[in-house]
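Q:
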Amino acid sequence: MTRKHRFAHRMVWPALAFMLALGFTMALALRAPPDPPHAASEPQR
Amino acid sequence: MSTVLLAALALYVAAGVVTGAAFVTVGAARFAHHMTFTLPARLVLFPGAALLWPYVLYRWRRARSDEP
Amino acid sequence: MSVAFKAVQWNRDKLIYDAVLVAGVAIYIAGFAAVAWRWHPPKNLPDVLDIWLRAFGTAAFLMLTVILCIGPLARLDCRFLKLLYNRRHFGVLTFFVAATHVGLMIEWFAVQGLLHTLPADFTTWENYGKFIGFPFKTLGVAALAIMLTMAATSHDFWLGFLKPPVWKALHMAVYAAYGLVVMHVALGIMQYEHTPLIPLMLIGSLGAVATLHLMAGWREWDADHGRAAAADGWLLVGPPNAIPDKGARIVTASGGERIAVFRDGDQIGALTNLCAHQNGPLGEGRIIDGCVTCPWHGYQYRLADGCAPPPFIERLVTYRVRWNQGVIEVDPHPLPPGTPASITCPRTGA
């Protein structure tokens, strides 16, 4: 890996990792509450 | 809409199968730098050639036209 | 490096690696299915398919996680280099496991007569504007397409055909595939099932991948900034004993270029840390059969002049080294590729 590559990597990867962590956190925070047991529907795929 | 997409995908795959088969049979040797291919190696190269067929075709044509 | 391209360049080590890999994956999938079977006994065929679907899906995700952890692990501890050598086979197997997951999903729809509803999951365009409700299958298919491209171009022939920089860039897309798979799980099954196991699996995976990359990056950053230079600009490497025999110590010039200073008994030589093949980290490799051997794909160079042994023609940039009052120093100015520059050191005491 050359010097320029290393510099680019050090800039880009933390930003991408942060975006992914943010995406996961939002998906966890925004998910619908669990259905009451009697209304459980066919599992979706 | 999905029918159109599926048809386009099928066309791409069909063109890939034809180009890929031709490339691993006669074209790949041009890029092998004097190395030969065993038959299993040709089979292993086929998916890549079929998948990247537009680029493979471009490089193949260019290599042919560069020949004296 | 034979005169014929073979389907797979197997040797004894790689065969053992592959056997352990396949056995590990088979044990995981069988174990997952056995536990799930007891936990939620299937009532019908779709339930059975569902168990296998999840077994293969989680296996592919965990394999992808391990693949991404191998790189930084090998940088942190050379014992993990063994895992790095054959990572391509790991990647190809991951593609097949992921493809089986997709095949089982299609079968799950088919046995219920719902196959005709599947395309709409991809073409309900208004869903692409949502976050929760985004067509998560599209994310999975995109990741699979990346894995297919990587698996299909994993042969050395494609490395030569596409040229190393393009090939390497293509294969860096594994990180994109990983991100897509994380969001495929987070926006898919995690939305419908409230078991804590799914978020835990994602957090564990993201944590492991991020932490290991940060640790490896930190170590490199540290190494790049901690090298003292002599008054005439030569860089201190250390006493000969500080360089492992048949190994290297990597020093970094002020501009950031890395130099691998190798020792083979009493012979000391410095080469660029970049392998001519694919810019692999030469200094993390060993001297095997008298040649510096790249840890990535086994390309070899003579220590004395940086040339690959005949019939190969690759040549590396070399650097002058000197023995100065008991320590080895290296001149950070590169010599033309293939210039002899190694020295014999008086008594290394090793």
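If you read the protein sequences in the order shown, they are chains A, B and C. One rule links them: number in the working numbering = place in the first sequence (from 1) + 550. One rule links them: number in the working numbering = place in the second sequence (from 1) + 5. One rule links them: number in the working numbering = place in the third sequence (from 1) + 515. C-beta atoms are modelled at their ideal positions from N, C-alpha and C, and glycine is treated no differently. All of these numbers come straight from a predicted model, not from anything done at the bench.
Could you confirm whether any beta carbon from chain B is found closer than 8 Å to the beta carbon of Thr668/C?
A: Closer than 8 Å to some Cβ of chain B, the Cβ of Thr668/C qualifies, so yes.
Q: Using a beta-carbon distance cut-off of less than 7 Å, what residues from the stretch 698-724 of chain C approach chain A?
A: From the stretch 698-724 of chain C, only Met698, Ala701, Leu702, Met705, Gln706, Tyr707, His709, Pro714, Leu717 and Leu721 have a Cβ closer than 7 Å to chain A.
Q: Using DSSP bridges, identify the partner residues of Cys806/C.
A: Answer is Ile803/C and Arg817/C.
Q: State the start and end residues of the unbroken beta strand (DSSP E) segment that holds Glu844/C.
A: Per DSSP, Glu844/C belongs to the beta strand (DSSP E) from Val842 to Val845.
Q: Report the rounded CA-to-CA distance for Trp58/B versus Arg64/B, giving the unit in angstroms.
A: When rounded, the distance between both Cα atoms is 10 Å.
Q: Pull up the distance between the alpha-carbon of Val626/C and that of Pro557/C, whole angstroms please.
A: In a straight line, the C-alpha of Val626/C is about 15 Å away from that of Pro557/C.
Q: What are the complete alpha helix (DSSP H) segments, minimum 4 residues, inside the stretch 595-637 of chain C?
A: You should have 596-600 and 602-626.
Q: In whole angstroms, what separates the C-alpha of Ile828/C from that of Cys822/C?
A: Taking the straight line from one Cα to the other gives about 7 Å.
Q: Measuring only the C-alpha atoms, how far is Trp640/C from His699/C?
A: Their backbone Cα atoms lie some 17 Å apart in a straight line.
Q: Give me the chain B residues within the contact set of Ala635/C, using Cβ-Cβ distance strictly less than 8 Å, ordered along the chain.
A: Those within 8 Å of Ala635/C in chain B are Ser7.
Q: So which residues on chain B does Trp673/C lean against when the C-beta distance must stay under 8 Å?
A: Simply Leu50 and Gly53.
Q: Quick one: any contact between the stretch 761-771 of chain C and the stretch 561-569 of chain C, if contact means 3 or more CB pairs under 8 Å?
A: The stretch 761-771 of chain C, when compared against the stretch 561-569 of chain C, does not touch it at the 8 Å Cβ threshold.
Q: How many whole angstroms separate the CB atoms of Gly780/C and Asp760/C, which I take to be in contact at a CB cut-off of 8 Å?
A: Gly780/C to Asp760/C, Cβ: 7 Å. Contact.
Q: Strictly under 8 Å for the Cβ-Cβ distance: is Ala865/C near chain A by that measure?
A: The predicted model places Ala865/C with a pLDDT of 42, which falls under 50 and marks its position as unreliable; any figure quoted below should be read in that light. No, Ala865/C does not count as interfacial toward chain A.
Q: Measure the alpha-carbon distance for Gly586/C versus Leu599/C and round it to whole angstroms.
A: Their Cα atoms are separated by approximately 7 Å.
Q: For the beta strand (DSSP E) holding Phe651/C, just list the boundary residues, first then last.
A: Not the beta strand (DSSP E): Phe651/C falls in the alpha helix (DSSP H), residues Phe651 to Ala667.
Q: Express the C-alpha separation of Val807/C and Asp820/C in angstroms, rounding to a whole number.
A: Roughly 11 Å between the two C-alpha positions.
Q: Taking the beta carbon of Gly572/C as the centre, do at least 16 other beta carbons fall within 10 Å, making it buried, or is it exposed?
A: Buried, because 16 or more other Cβ atoms sit within 10 Å of the Cβ of Gly572/C.
Q: Which partner residues of Gly753/C appear in the DSSP bridge assignment?
A: Bridge partners of Gly753/C: Ile843/C.
Q: In the DSSP assignment, find the unbroken alpha helix (DSSP H) run with Phe777/C in it and report its ends.
A: Phe777/C -> not in any alpha helix (DSSP H); beta strand (DSSP E) instead, spanning Arg773 to Asp779.
Q: Consider the Cβ of Thr609/C: report whether some Cβ of chain B lies at a distance smaller than 8 Å.
A: For Thr609/C, the answer is no, since every Cβ of chain B falls outside 8 Å of its Cβ.
Q: Nearest chain A C-beta to Gly813/C closer than 8 Å, yes or no?
A: So no, Gly813/C is outside the interface.
Q: So, does the stretch 631-647 of chain C touch the stretch 683-691 of chain C, judging by three or more C-beta pairs under 8 Å?
A: With a cut-off of 8 Å, the stretch 683-691 of chain C and the stretch 631-647 of chain C do not count as touching, because too few Cβ pairs lie within range.
Q: Relative to the C-alpha of Thr653/C, which candidate in Ala692/C, Leu831/C and Ser720/C has its C-alpha closest?
A: Looking at the Cα atoms, Ala692/C is the closest of the given residues.
Q: Between which residues of its own chain and Ala666/C is the CB-CB distance below 6 Å, once the five residues before and five after are set aside?
A: Cβ within range, chain order: Val607 and Phe610.
Q: On the criterion of 16 or more Cβ atoms from any shown chain inside 10 Å, does Ile531/C qualify as buried, or is it exposed?
A: Exposed, because fewer than 16 other Cβ atoms sit within 10 Å of the Cβ of Ile531/C.
Q: Would you list, in chain order, the members of the stretch 821-846 of chain C that have their beta-carbon closer than 8 Å to a beta-carbon of chain A?
A: Listed by position along the chain: nothing, the set is empty.
Q: Name the residue from Gly800/C, Ala791/C, Ala545/C and Leu786/C whose alpha carbon lies nearest to the alpha carbon of Gly762/C.
A: Nearest C-alpha to Gly762/C: Gly800/C.
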